[in-house]
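Q: Numbering (the numbering used here), first residue to last: 5 to 176. Glycine included, C-beta positions come from ideal geometry on N, C-alpha and C. These figures come from a predicted structure and were not determined experimentally. First the structure, then my questions, so here it is.
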């Protein structure tokens, strides 16, 4: 089998390290696989809000070399998770036709003995889980505010970007 032990924080993508100016100053991997730096198309199963996010972010990630031909499924899952979270948030604000008030995060549940309890709607947990998943994907693609504050694009402008050279050679 192919058992891999995960220890500590997952490694940061090399392109993200290059963009950030390699803050750790550790040697960068030399023989790392380099998939084509071209963003794939957004899969049809991604929800509406996820598709909007894809449209907005994919071009930027592609420019930075952080969204390649092999990253489509992971980025699609990130966008879709974001859409699920938004769907849940919208549901809480939607008017309940029975009460005329927004659904909110809780409802009153009356059991068979007639006692009433206020309980959390399932959408609360679904939304929290989707947001958790989205945040995990964010760090994979360098989309968190913390990673943005460390982004330093200068080194890529001074020396020729290997990504640009690759694109030029392939006629892209």
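From residue 120 to residue 110, what distance separates their C-alpha atoms?
A: Each residue's Cα considered, the two are about 13 Å apart.
Q: Verify whether the separation of the beta carbon atoms of residue 145 and residue 70 is less than 7 Å.
A: In contact: residue 145 and residue 70 (Cβ atoms closer than 7 Å).
Q: My guess is that residue 92 and residue 58 are in contact by the Cβ rule of under 8 Å, so how many angstroms apart are they, rounded?
A: At roughly 19 Å, the Cβ-Cβ gap does not stay under 8 Å, so residue 92 and residue 58 are not in contact.
Q: Exposed or buried, residue 72, counting other C-beta atoms within 10 Å across all chains shown (16 or more means buried)?
A: With 16 or more Cβ atoms within 10 Å of its Cβ, residue 72 is classed as buried.
Q: From the DSSP output, in three-state form, read off residue 102 for me.
A: Reduced to three states, the DSSP call for residue 102 is coil.
Q: Can you give me the Cβ contacts of residue 87 inside the same chain, cut-off strictly under 6 Å, excluding the 5 residues immediately before and after it?
A: The residues are 51, 53 and 54.
Q: Between residue 74 and residue 106, is the Cβ-Cβ spacing less than 7 Å?
A: Contact: no.
Q: To which residues of the same chain is residue 130 closer than 8 Å at the C-beta, ignoring the five residues directly before and after it?
A: 88 and 92, listed in sequence order.
Q: Helix or strand or just coil, what does DSSP make of residue 107?
A: Three-state result, residue 107: coil.
Q: Let me know the secondary structure DSSP gives residue 120 once reduced to three states.
A: Correct three-state label for residue 120: strand.
Q: Which first and last residues belong to the alpha helix (DSSP H) in which residue 61 is found?
A: Its alpha helix (DSSP H) spans residues 52 to 67.
Q: Excluding the five sequence neighbours on either side, which residues of its own chain have a C-beta within less than 7 Å of the C-beta of residue 148, listed in chain order?
A: The residues are 142.
Q: What does the Cβ neighbour count give for residue 85, buried or exposed, with the cut at 16 atoms within 10 Å?
A: By the neighbour-count rule (16 or more Cβ atoms within 10 Å), residue 85 is buried.
Q: Roughly how many whole angstroms lie between the Cα atoms of residue 79 and residue 171?
A: Looking at the two C-alpha atoms, the distance is approximately 22 Å.
Q: Just grab the DSSP bridge partners of residue 113 for me.
A: Answer is 121.
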